[in-house]
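Notes follow the structure.
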Amino acid sequence: MYRQVEQGPFVLVNLPQKTDSYYSDYGLYFSTSYTYKVRIVYNGFISNYSNEFKITTPAW
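Below, the structure is given as structure tokens:
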């Protein structure tokens, strides 16, 4: 799983297992946009990236 903070580069933040059904991200900043994407790597196969999912944390 890759995460982008604001308009920065995407960075690998997690290597989910095939049985994982959710991901919790900690240490996020207030009023900040985060974009996530994933791809499958299995037995030498590498998929395209998924659609991106964007969230913005609340101002608090």
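Residue numbers (the working numbering): 3 to 62. Even glycine gets a Cβ: it sits at the ideal position worked out from N, Cα and C.
The beta carbon of V40 lies closer than 8 Å to those of M3, Y4, P18, Y51, S52 in the same chain, with the five residues before and after it left out.
Between E54 and T37, the beta carbon gap of about 5 Å places them in contact (Cβ cut-off 8 Å).
DSSP, read as helix, strand or coil, puts V40 in coil. Among the bridge pairs identified by DSSP, Q6 is matched with F12, T37.
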